[in-house]
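> Got a structure for you, questions after.
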Amino acid sequence: MFITFEGPEGSGKTSIANRIIKTLIDKGYDIVHTREPGGTPIAEQIRDVTLDKKNTALDARAEALLIAASRRQHVVEKIRPALAEGKIVICDRYLDSSLAYQGAARGLGIDTVLAINLFAVEDTLPNLTLLFDLEPAIGFERIKANKNREVNRLDLEERNFYIKVRNAYLELSKKYKDRYRIIDASQSFEKVYEDTLKVILEYLPQK
Ligand code: TMP
549 MFITFEGPEG SGKTSIANRI IKTLIDKGYD IVHTREPGGT PIAEQIRDVT LDKKNTALDA
609 RAEALLIAAS RRQHVVEKIR PALAEGKIVI CDRYLDSSLA YQGAARGLGI DTVLAINLFA
669 VEDTLPNLTL LFDLEPAIGF ERIKANKNRE VNRLDLEERN FYIKVRNAYL ELSKKYKDRY
729 RIIDASQSFE KVYEDTLKVI LEYLPQK
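Shown next, in the form of structure tokens:
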């Protein structure tokens, strides 16, 4: 079982993932928790280049290719071996982030970005994708309020970029409706956690 968490900045998906994973481990599930871009030493090095605020000259196609390369490394070194051992992999962002950010918001085209990513991942696709959906304005407020959050290169984008990201995710949730579940991330942390756990437990074998 390969589960991905998707959504905009400020949607709380990472905090929710941490809490959900603790609950699932307590219930006896064998979980690998990972993230993108990154997840292995090589992929994390590519993440650093991609998200470095100083790299303002990074070209949009180069950005898409770097992220796809880091994804390839992550899939080969970590995701596939874990799935082959029967583990449940929960990944904070995956291929759909590239479709939304590089494909739609950067304007490279969803199909073009899908093609380079299919070259990278081959048949390693998520069984379940949770979209933590949030109005961009609320996400912005949350990011501004969180002084501890590290600002990355993509955080410097204009508001319009995030509106495009949100719309793209909603489109993707229709295109891939069999694997997508939408979680209303504007609710309280507790409620988002409960909704997320319910969806995931419906998918997992009973413990
Ligand atoms: P994070 O803040 O969730 O760790 O994500 C890091 C940033 O990387 C975030 O702004 C989204 C961006 N990103 C892409 O643009 N494309 C991708 O494929 C991934 C995985 C992340």
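Under the numbering used here, read the sequence shown as residues 549 to 755, first letter to last. Built from N, CA and C at the ideal position, the CB exists for glycine as well.
Under the three-state reduction of DSSP, which class applies to Y642: helix, strand or coil?
Coil.
> Cβ of Q593 versus every heavy atom of ligand 1: is any distance shorter than 7 Å?
Outside the cutoff, so no.
> DSSP has V597 in a bridge; who is on the other side?
DSSP, once it has assigned bridges, lists no residue as partnering V597.
> Which parts of the stretch 652–691 are runs of the alpha helix (DSSP H), unbroken and 4 residues or longer, counting only runs that do not cross its ends?
658–669, all fully within the stretch 652–691.
> In angstroms, rounded to a whole number, what distance separates the CA positions of R620 and V669?
Roughly 6 Å separates the two Cα atoms.
> Can you give the beta carbon distance from P556 to G687, rounded, assuming they're within the 8 Å contact cut?
Indeed, because the Cβ distance is near 5 Å, the residues count as touching under 8 Å.
> Taking only runs of the beta strand (DSSP E) that begin and end inside the stretch 554–634, which ones reach a length of at least 3 residues, in chain order?
DSSP runs (the beta strand (DSSP E)) wholly in the stretch 554–634: 579–583.
> Go ahead and label I551 buried or exposed: buried means 16 or more other beta carbons lie within 10 angstroms of its beta carbon, across all protein chains shown.
Buried is the call here.
> In angstroms with no decimal places, state the Cα-to-Cα distance between M709 and K570.
Sequence inspection shows Phe at residue 709; the Met mentioned does not correspond to that position. Between F709 and K570, the C-alpha separation is close to 33 Å.
> Using the Cβ count rule (16 or more neighbours within 10 Å means buried), how would you classify Y642?
Y642 is buried by the Cβ-count criterion.
> From the DSSP secondary-structure annotation, give me the bridge partner or partners of I731.
Paired residue(s): F680.
> Would you call the stretch 679–686 and the stretch 730–749 touching, i.e. three or more CB-CB distances under 8 Å?
They touch, by the three-pair rule.
> Compute the Euclidean distance between the alpha carbons of R628 and G634, then round it to the nearest angstrom.
Straight-line Cα distance between these residues: approximately 10 Å.
> So is I615 buried or exposed if we call it buried at 16+ other beta carbons inside 10 Å?
Buried: at least 16 other Cβ atoms inside 10 Å.
> Specify, as a first and last residue, the run of the alpha helix (DSSP H) that N715 falls within.
Taken as a continuous stretch (DSSP letters only), the alpha helix (DSSP H) holding N715 covers 707–723.
> For V747, report the span of its alpha helix (DSSP H) as first-last.
V747 -> alpha helix (DSSP H) spans 737–751.
> Any chance the CB of Y724 is under 7 Å from a heavy atom of ligand 1?
Outside the cutoff, so no.
> Based on DSSP bridge pairs, tell me the residues matched to V637.
V637 pairs with F550, V580.
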